[in-house]
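Working notes, structure below.
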Amino acid sequence: MNLLPKSSKEFGSVDYWEKFFQQRGKKSFEWYGTYLELCEVLHKYIKPREKVLVIGCGNSELSEQLYDVGYHDIVNIDISEVVIKQMKERNASRRPHMSFLKMDMTQMEFPDATFQVVLDKGTLDAVLTDEEEKTLQQVDRMLAEVGRVLQVGGRYLCISLAQAHILKKAVGHFSREGWMVRVHQVANSQDQVFEAEPRFSLPVFAFVMTKFRPVPGSALHIFELCTQEQGKPVRLESADRLAEAVRERQHYAWLCSQLRRKAGLGSVSLDLCNGDTGEPRYTLHVVDNPTVKPSRDSHFAIFIIPQGRETEWLFGMDEGRKQLAASAGFRRLVTVALHRGQQYDGMESIQAELSTRVMELAPAGMPPQQQVPFLSVGGDIGVRTVQHQDHSALSGDYVIEDVQGEDRWYFRRLIFLSNRNVVQSEARLLKDVSHRAQKKRKKERKKQRPADTPEDFPPVPGQSIDKSYLCCEHHKAMIAGLALLRNPELLLETPLALLVVGLGGGSLPLFVHDHFPKSRVDAVEIDPSMLEVATQWFGFSQSDRMKVHIADGLDYITGLAGGEARQHYDVIMFDVDSKDPTLGMSCPPPAFVDQLFLQKVKSILSPEGIFILNLVCRDLALKDSVLAGLKAAFPLLYVRRIEGEVNEILFCQLQPEQKLATPELLEMAQALERTLRKPGQGWDDTYVLSDMLKTVTIV
């Protein structure tokens, strides 16, 4: 028997409710949860001796259960004569002090200030079915009557799904009246059992509106959110922020309900925030693996990503996480990234903190009381030390952090917080500047500093950077592209002229400067803050062979191309990111591959030179267009895709007759590497130039 209305408008109809309770008979109907689900919040806001009015009581057992635990002064009203008759008969002998009255809550017959609590379980939701004028007028009368019959200090306790229009109306009405507004989450959808009757996947909330004595001229508004039955309320600055916080809780509950019902929802991610500050503390990604056969031990697992490793392909990209889930052998794997700026006490404390929340994301069919394994790499949470945090007018907030990588090496990273999962620049630290020594020095400085003084660690000297090591695979490929120049074995003695657009931490131009002693490098960087970062934190320095120009790369190249004595470069490198996250291409900005601009680049490149471009483009149609434009300007075009990343390195030349087959490319790369591996010259033994060019293809 379908007892739920076909249209929400039917909720406001007297005829609907008369028919509903005639069909229902004496069986109770519990909107938005049973007494056991609501008792925590009810007992928190209602005292046993207070006089309580229940509006729209229906045939719910809620009033009866409150009566049975000591709340005897309860008056129930409802618009349905059928249900009032049922409830009187049901309670006449067992609960003699509780009354049931047929009454319209928009025209109540009680004197002013009669009650200390007005309890509403779903009634406001039933009446406020839309935002038409007639409906809003009826709700205004209802809420005005609630305010009239309540004493000062009394509370309107409204159990609701807190849909946007209902929250807006209730909060707006009572805040204008000068009441304190608190929204309290009382039941998550995952706590509800959807079996015999239709229920709601949205979480249930209680509006707790406390009546204050009017203060003429007062503009004080109090908005609070309490997300757990016994949790600490959080004060919010406005009604809009309160509505936003409620929406976040609703979205999370809806997501959990979807994840319980079915697998394969695609890429699902969410943040778990610090309850006191609201700052993100964990980022979760839910990965389903339908190829795993169900068994008792293969349902569900949690993978804690060590700090600093969330940017790696295996943990930071959808495809990587799918591979991780497949190798772990679970139907559903939830990866957990730890946020910088948050304190963590170790793996056990993280497990304890997450255990309740992650169970809300468990797949359907998981046996009750099933133990969920927590997995990680090496069994610890990794090491991350934020060395510096600042703001750039062009790049926004950024951090410099040291993280522990493989083989106990430490790496320094530049991260823009607007894109916190992307490493903008990275350098390896020399092992003699150990992280342990840094931690010891910080501990000693902390002892010497007053407790309320913020940490301000001095810069670690530039000598701590291993300048012979390139962390980024795309930088390694760009350097390998120099083998395409004529006579690579002579490059150390050749006065190469290079233009590098995009400085970042300076690793790329610094590597060229240090390994090609006759080279002259012009680096162009639009953001002056990045020059400070490179110099102070990444061991970068200018010299008579290395100059940094603070300018827009577009303007700088346009100026060179239009100059009377046009300068020519043997190598031009673009490693510049876009500040617009909405584009399908994050590197370089589209203007850098515009056809007219490419002609300017071409005009300052020497005839046998090479133009090397780092391309990061997820839009396949846009990428095809970029490649076609480059091919039109540069007849010879090689592409080297970076495995496990979106990056593609493009090597562009002007002379098509210079085209080399793969064996010739590898031979030239080997010749260049032999030249660079000179005694006394630092070189990373894992860096094999020819490996960088094995997979190069010609467009």
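The letter at position 248 of the sequence shown is residue 258 when you use my numbering, and the numbering goes up by one with no holes. From the three backbone atoms N, C-alpha and C, an ideal C-beta is built for every residue, glycine too. These numbers come from a predicted model, not from an experiment.
Best match in Leu-500, Leu-502, Pro-519 and Pro-498 for proximity to Leu-508 [C-alpha to C-alpha] = Nearest of Leu-500, Leu-502, Pro-519 and Pro-498 to Leu-508, Cα basis: Pro-519.
Could you check what DSSP says for Val-149 in three-state terms: helix, strand or coil?
-> helix
Out of curiosity, what's the CA-to-CA distance linking Leu-324 and Gln-333?
-> Answer to the nearest angstrom: the Cα atoms are 7 Å apart.
Please name the residue, chosen from Ser-588, Phe-526 and Glu-71, that lies closest to Tyr-45 on a Cα-to-Cα basis.
-> That would be Glu-71, whose Cα lies nearest to the Cα of Tyr-45.
Given that a residue counts as buried once 16 or more other Cβ atoms are within 10 Å of its Cβ, and exposed if not, what is Trp-189?
-> buried
For the beta strand (DSSP E) containing Arg-223, list its first residue and its last residue.
-> No beta strand (DSSP E) contains Arg-223, which DSSP labels as neither H nor E.
In DSSP terms, what Asn-497 is bridged to = Note: Asn-497 sits in no beta bridge, so no partner.
Would you mind giving the Cβ-Cβ distance between Ile-169 and Lys-131, rounded to the nearest angstrom? I have them listed as a contact below 8 Å.
-> 4 Å
Val-156 by DSSP, collapsed to three states: which one?
-> helix
Candidates Met-540, Val-85, Lys-95 and Ile-475: closest to Phe-125 by CA position = Closest in C-alpha terms to Phe-125, from the list Met-540, Val-85, Lys-95 and Ile-475, comes Val-85.
Can you give me the Cβ contacts of Ala-114 inside the same chain, cut-off strictly under 7 Å, excluding the 5 residues immediately before and after it?
-> Reading off the sequence, residue 114 comes out as Asp, not Ala. Here the set comprises Ile-89.
Cβ-based neighbour list, Gln-577, same chain, cut-off 7 Å, excluding 5 preceding and 5 following = Leaving aside the five residues that flank Gln-577 on each side, the residues in its chain whose CB is nearer than 7 Å to its CB run, in chain order, Leu-570 and Ile-614.
What number of angstroms, rounded off, separates the C-alpha of Ala-579 from the C-alpha of Gly-619?
-> Note on residue identity: the sequence assigns Tyr, not Ala, to residue 579. So the two alpha carbons sit approximately 7 Å from each other.
Coil, strand or helix - Ile-94 by DSSP = helix
Neighbourhood of Arg-259 by C-beta, 7 Å cutoff - its chain only, sequence neighbours within 5 removed | Sequence-distant partners of Arg-259 (beyond 5 residues in either direction) whose C-beta falls short of 7 Å from its own C-beta, in its chain, are Gln-195, Pro-213 and Thr-237.
Per DSSP, which one or two residues make a beta bridge with Pro-290?
-> Cys-283
Could you check what DSSP says for Val-603 in three-state terms: helix, strand or coil?
-> helix
Just mark Val-706 as buried or exposed, buried being the case when its beta carbon has 16 or more other beta carbons within 10 Å.
-> buried
Whole-Å CB distance - Cys-266 paired with Leu-171, under 8 Å assumed | Incorrect: roughly 15 Å between the Cβ atoms, too far for contact.
Indicate the three-state DSSP secondary structure (helix, strand or coil) for His-484 in the structure shown.
-> helix
Burial state of Ser-103, where buried means 16 or more other Cβ atoms lie within 10 Å = Ser-103 should be labelled exposed.
With 16 other Cβ atoms within 10 Å as the buried cut-off, status of Met-702 = Buried, by the Cβ-count rule.
Output the boundary residues of the beta strand (DSSP E) element that contains Ala-347.
-> 342-348
By how many angstroms is the C-alpha of Val-62 removed from the C-alpha of Gln-160?
-> Reading the sequence as shown, one finds Leu at residue 160 and not Gln. One alpha carbon belongs to Leu-160, the other to Val-62, and they sit about 10 Å apart.
Short CB-CB distance (under 8 Å) between Ile-567 and chain B | The chain labelled as chain B is not found in the depicted structure, where only one protein chain is given.
Go ahead and pull the three-state DSSP assignment for Cys-49.
-> helix
Along the beta strand (DSSP E) that carries Gly-619, what are the first and last residues, could you check?
-> 615-627
At which residue ranges does the region 626-702 contain complete alpha helix (DSSP H) runs of 4 or more residues, listed in the order of the chain?
-> 630-643 and 672-686
Taking just the CA atoms, how far does Glu-329 sit from Lys-303?
-> 21 Å
Please list, in chain order, all residues of the same chain as Ser-277 whose beta carbon is under 6 Å from its beta carbon, the five residues on each side excluded.
-> Taken in chain order, the residues that qualify are Asp-328.
Given 8 Å as the limit, is there contact between the region 548-561 and the region 616-634, that is, 3 or more CB pairs closer than that?
-> No contact exists between the region 548-561 and the region 616-634.
8 Å Cβ cutoff met for Gln-399 and Val-409 = yes
Candidates Ile-391, Gln-605 and Met-97: closest to Gly-68 by CA position = Met-97
Report buried or exposed for Lys-144, applying the criterion of at least 16 other Cβ atoms within 10 angstroms of its Cβ.
-> exposed
In whole angstroms, what separates the C-alpha of Phe-421 from that of Arg-496?
-> 35 Å
Could you check how far apart the C-beta atoms of Leu-506 and Ser-529 are, in whole angstroms? I think they sit under 8 Å.
-> 4 Å
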